Amino acid sequence: MHVDPEIIRLLAFLVGVIAFAALNAAYLVWLERKEAAHIQRRIGPKEVGPFGLLQPLVDGIKLMTKQLIVPAGVDPVLFKIAPILVMVPAIMSFVTIPFSETLVARNLDIGLLVIFAFASVNVLGLLLGAWGSRNKYAVISAARVVSQNVAYEIPMLVTVVTLVMITGTMNLHNIVTQQLGGFWNWNLLNLSASPLMPVAFLIFFVCMLAETNRAPFDMAEAESELVAGAFTEYSGMGFGVFFMGEYANIVIGASVATILFLGGWDCPLGLFPGVHWFLIKMYFLIFTVIWIRWTYPRTTFYGLLNLSWKILIPISFFNLILTSAMLKVF
Amino acid sequence: MSAFAKSEANETFVLNLGPQHPATHGVLRVKLTMDGEYIVEAEPVLGYIHRMHEKMGENRTWAQFLPNTGRMDYLHALAYNHGYVSVVERAAGIEVPERAEYLRVITAELNRVSSHLLWFGAFILDLGGFSPLLYAFDDREHILDLLESVTGSRLTYCYFRFGGVYNDIDDNFVPGTRAFIKRLRERMPMYHNLVTKNIILMKRLQEVGPISAEMCRKYGATGPVCRGSGINFDVRKHEPYSVYPEFDFDVPVYDQCDSMARYMVRMDEIEQSLRIIEQGLDKLPEGPVMAEKVPKIIKPAKGDYYHAVETARGSFGVRVVSDGSNTPYRLKLRSPTFSNLSLFGEACQGMLLPDALALMGSLDLVIPEIDR
Chain A
4 MHVDPEIIRL LAFLVGVIAF AALNAAYLVW LERKEAAHIQ RRIGPKEVGP
54 FGLLQPLVDG IKLMTKQLIV PAGVDPVLFK IAPILVMVPA IMSFVTIPFS
104 ETLVARNLDI GLLVIFAFAS VNVLGLLLGA WGSRNKYAVI SAARVVSQNV
154 AYEIPMLVTV VTLVMITGTM NLHNIVTQQL GGFWNWNLLN LSASPLMPVA
204 FLIFFVCMLA ETNRAPFDMA EAESELVAGA FTEYSGMGFG VFFMGEYANI
254 VIGASVATIL FLGGWDCPLG LFPGVHWFLI KMYFLIFTVI WIRWTYPRTT
304 FYGLLNLSWK ILIPISFFNL ILTSAMLKVF
Chain B
4 MSAFAKSEAN ETFVLNLGPQ HPATHGVLRV KLTMDGEYIV EAEPVLGYIH
54 RMHEKMGENR TWAQFLPNTG RMDYLHALAY NHGYVSVVER AAGIEVPERA
104 EYLRVITAEL NRVSSHLLWF GAFILDLGGF SPLLYAFDDR EHILDLLESV
154 TGSRLTYCYF RFGGVYNDID DNFVPGTRAF IKRLRERMPM YHNLVTKNII
204 LMKRLQEVGP ISAEMCRKYG ATGPVCRGSG INFDVRKHEP YSVYPEFDFD
254 VPVYDQCDSM ARYMVRMDEI EQSLRIIEQG LDKLPEGPVM AEKVPKIIKP
304 AKGDYYHAVE TARGSFGVRV VSDGSNTPYR LKLRSPTFSN LSLFGEACQG
354 MLLPDALALM GSLDLVIPEI DR
């Protein structure tokens with residue numbers, strides 16, 4: 004029987020992507036705990052395995068062996084489907100991400116669009132889970148998630164549109180190829196296209212924090228206000244899957260930032276480009292995300308709305324106009 | 004399910020905050036009537052940890068009630084010790100040696116610093132910042148070690164006795180305390196740089212959670228809450244007790260009336276308390292720590308006595324009525340947080356939930372002390 008090698012390749016990549024997402028979700032928890040501990044002058048996990056490296060495994064076993072509680076009064080379908088709606092799109096997004104010249108599951112011409120399309124489903128998952136929980140704290144959290152979504156996606160997408168205007172393509176592979184050859188070629192420092200490029204990166208990064216519900220924009224789960232927000236009624240693996248989805252989304256966000264602004268797999272000095280550089284940049288961004296979480300208190304959601312509508316959106320639109328003018332002139 | 008199905012014409016719903024909720028720091032329950040995320044009405048519901056301390060006082064001898072005082076406000080237990088022993092000493096006419104009074108002031112002020120440090124960490128935790136809590140606990144640990152060496156316990160102190168304190172300090176206490184003062188003074192600028200000047204914190208506290216001076220008077224709010232509203236009232240200054248008149252310290256007063264003002268009052272109070280402790284260590288006289296002629300069984304003369312002290316949360320007053328027997332006829336405890344919490348319902352009207360919880364955090368509630 005003849006099997007198309009493309010199918011085998013896709014299957015291998017699919018397994019690889021899921022494994023990568025799951026491994027990241029598990030070990031980012033470890034990284035988060037270790038990093039938080041060192042910021043707070045503690046040691047962090049250290050008992051299970053060397054440096055506590057087996058801790059995620061044990062946590063996973065604990066979560067999986069817990070009873071799956073579906074509280075009385077919840078909408079059973081929405082309640083069960085919501086964690087999957089958060090997890091699956093995150094894994095799907097990995098399909099289009101080029102980790103190196105050759106390491107990409109599916110090189111799509113609309114790769115960027117696919118990622119943002121899937122990223123929006125994440126919000127839907129949180130909203131449905133919260134609504135299906137029939138818990139007042141969860142519903143407040145859902146309302147916050149939606150208003151937050153409207154606020155941060157506009158500056159983010161305007162920034163991305165600016166970038167697409169410069170690169171002229173939505174193919175992630177081509178976007179990286181254009182930036183190869185050293186850090187002065189990266190979009191972050193592409194000052195001839197727009198002098199505001201570093202600011203655009205900052206806007207993108209802030210919006211990414213909001214998109215992934217990370218501190219200081221973690222209003223959706225705000226544990227000191229809403230107990231656990233959308234996750235209040237979830238326990239065991241329902242919560243675990245939500246959690247994995249959240250971390251997978253952080254990885255996606257950091258990857259997209261790496262591809263769009265930091266030259267993907269390019270080496271800063273133009274030597275030995277490869278997947279290792281992609282991972283170094285990506286994990287550096289993730290490290291920063293965690294660092295921010297354990298440093299800053301939470302804003303309020305109207306704080307985020309003010310930041311978005313009064314600062315980020317005007318700047319990103321200004322950048323858009325400036326870039327298009329410069330593209331026209333030069 | 005029903006709560007959503009039959010929302011009424013005015014579209015409000017009731018949110019039950021507590022008695023188990025991360026922001027209420029204990030078993031406080033607040034019944035919130037909400038319009039979306041705006042608070043229409045807030046009603047604190049008390050009594051989940053009521054232990055009838057006042058009634059217990061009437062059923063045991065004067066001395067037997069002493070340990071109870073440390074179990075009301077477990078964060079500033081020594082001030083509660085101080086309030087109760089002072090009123091009994093006043094009733095029974097017991098003279099306290101000067102060294103004992105100095106030790107009382109030094110340890111009570113150390114305890115005040117530890118209480119404010121814990122509040123500092125817990126308040127930032129309410130605002131979603133986790134890390135400062137562990138730094139504050141690190142500093143607080145030094146105080147607990149110092150007080151443990153003197154009082155024998157780490158939280159629910161019962162160190163003061165009628166006529167003095169039960170134990171003199173050891174040789175390590177004075178150098179240890181001086182080292183701690185030096186350490187905390189070095190760390191306070193760090194707290195101010197990293198936390199107070201943080202832009203997110205400033206946005207969340209400044210001009211948020213207004214409590215007017217009028218409202219403070221109306222509800223009898225005392226302590227940092229009223230001093231953050233521009234009322235210069237501190238029992239240590241205005242109704243001096245113990246040896247406080249001999250110390251040179253300022254009462255920090257801010258008149259912005261917002262959560263930031265209350266935050267700043269407490270942060271400044273830590274520094275003022277350090278000044279008091281330092282002066283106390285300098286002036287500490289030699290001598291006995293216990294009055295010599297204290298009767299084994301205390302029977303104060305018939306009468307009605309009141310004494311107030313300044314705790315970390317405000318003015319704590321004890322009123323005792325003695326009928327001349329070995330048990331109090333009536334014991335009334337006026338706890339500061341009860342009054343401070345009472346204004347929450349009025350103050351948080353029309354506020355958003357996160358801001359109201361920041362306001363609640365700035366009141367520095369200790370629930371066992373509200374319920375008693």
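As given, the protein sequences belong to chains A and B, one line each in that order.
So the mapping is simple: our numbering equals the position in the first sequence, first residue as 1, plus 3.
So the mapping is simple: our numbering equals the position in the second sequence, first residue as 1, plus 3.
Beta carbons are placed, not taken as given, at the ideal position from N, Cα and C, and that holds for glycine.
Computed from a predicted structure; not experimentally measured.
Inset, instruction - Measure the beta-carbon distance from V268/B to G231/B and round it to whole angstroms, keeping in mind my assumption that it falls under 8 Å. - result: 5 Å
Legend entry - Segment contact, 8 Å Cβ cut-off, at least three pairs: the stretch 312-320 of chain B with the stretch 66-83 of chain B: yes
Legend entry - Under 8 Å between C-beta atoms of P100/B and F347/B: no
Legend entry - beta-carbon V228/B near the ligand SAM non-hydrogen atom, thresh 7 Å: For the structure depicted, the ligand SAM is absent and the ligand set is empty, with no information on it obtainable.
Legend entry - Any chain B beta carbon closer than 8 Å to K65/A: no
Legend entry - Whether Q70/A touches G239/A by CB criterion (8 Å): yes
Legend entry - V51/A versus I214/B - alpha carbon distance: 50 Å
Legend entry - Option nearest E210/B by Cα separation, candidates V116/B, E189/B and D358/B: D358/B
Inset, instruction - Could you say which of M285/A, L31/A, L330/A and R296/A lies nearest to F102/A if we only look at CA atoms? - result: M285/A
Inset, instruction - Give a yes or no on whether the C-beta atoms belonging to I283/A and I118/A are separated by under 8 Å. - result: no
Inset, instruction - Using the Cα positions of L187/B and L150/B, report the straight-line distance between them to the nearest angstrom. - result: 16 Å
Inset, instruction - Say whether the stretch 288-303 of chain A touches the stretch 107-126 of chain A, bearing in mind that this needs 3 or more beta-carbon pairs closer than 8 Å, one atom from each stretch. - result: no
Inset, instruction - Mind the definition here: the stretch 298-316 of chain A touches the stretch 118-138 of chain A only if three or more C-beta pairs lie below 8 Å; say whether that holds. - result: no
Inset, instruction - Rounded to whole angstroms, what's the CA-CA distance from A125/B to M329/A? Just pull it up for me. - result: 51 Å
Inset, instruction - Step through the CB atoms of chain A and report whether any lies within less than 8 Å of the CB of A8/B. - result: Confidence in A8/B is poor, its pLDDT being 48 and thus under 50, which makes the residue's placement too unreliable to answer from.
Inset, instruction - Within the same chain, show all residues whose beta-carbon is closer than 7 Å to that of Q37/B, passing over the 5 residues directly before and after it, in chain order. - result: Residue identity check: residue 37/B is Met in the sequence provided, not Gln. Same-chain partners within the cutoff: T15, F16, L18 and V43.
Legend entry - Assigned exposure category for M90/A - 16 Cβ within 10 Å defines buried: buried
Legend entry - Inter-residue Cα distance where the pair is L191/A and N201/B: 27 Å
Legend entry - DSSP bridge partner residues for E112/B (one or two, in chain order): Note: E112/B sits in no beta bridge, so no partner.
Inset, instruction - Determine the contact status of F234/A and F245/A, defining contact as a CB-CB distance below 8 Å. - result: yes
Legend entry - Identity of the residue in V18/A, S311/A and I87/A nearest L212/A by Cα: S311/A
Inset, instruction - Tell whether a beta-carbon distance below 8 Å holds between E274/B and M205/B. - result: no
Inset, instruction - Spell out whether any CB of chain B is found under 8 Å from the CB atom of R301/A. - result: yes
Inset, instruction - Give the DSSP bridge partners of I84/A, in chain order. - result: None, per the DSSP bridge assignment.
Inset, instruction - Please determine if the stretch 62-76 of chain B and the stretch 86-102 of chain B are in contact, where contact requires at least 3 C-beta pairs separated by less than 8 Å. - result: yes
Legend entry - Proximal residues to K240/B (C-beta, below 7 Å), its chain only, five neighbours per side dropped: V254
Inset, instruction - Say whether the stretch 278-294 of chain B touches the stretch 108-116 of chain B, bearing in mind that this needs 3 or more beta-carbon pairs closer than 8 Å, one atom from each stretch. - result: yes
Legend entry - Within chain B, the residues that A218/A reaches when beta carbons sit closer than 7 Å: G131
Inset, instruction - With 7 Å as the C-beta to C-beta threshold (strictly closer), list the residues of the stretch 116-140 of chain B near chain A in chain order. - result: I127, L128, D129, L130, G131, G132, F133, S134 and L137
Inset, instruction - Would you give the residue range spanned by the alpha helix (DSSP H) that N216/A belongs to? - result: Here N216/A belongs to no alpha helix (DSSP H), and DSSP marks it neither H nor E.
Legend entry - Pick from T105/A, I94/A and L130/A that is closest to I84/A, judged by C-alpha positions: L130/A
Inset, instruction - Only counting runs of 4 or more residues, tell me where the alpha helix (DSSP H) segments fall wholly within the stretch 212-262 of chain A, in order along the chain. - result: 226-229
Legend entry - From H28/B, K221/B and R333/B, residue whose alpha carbon lies closest to that of L78/B: H28/B
Inset, instruction - Hey, could you find the ends of the beta strand (DSSP E) F319/B is sitting in? - result: G317 to S325
Legend entry - Where the beta strand (DSSP E) through A304/B begins and ends: From DSSP, A304/B is part of no beta strand (DSSP E); its letter is neither H nor E.
Inset, instruction - Closer than 8 Å by C-beta to D7/A: which residues in its own chain qualify, once you throw out the five before and the five after it? Chain order, please. - result: none
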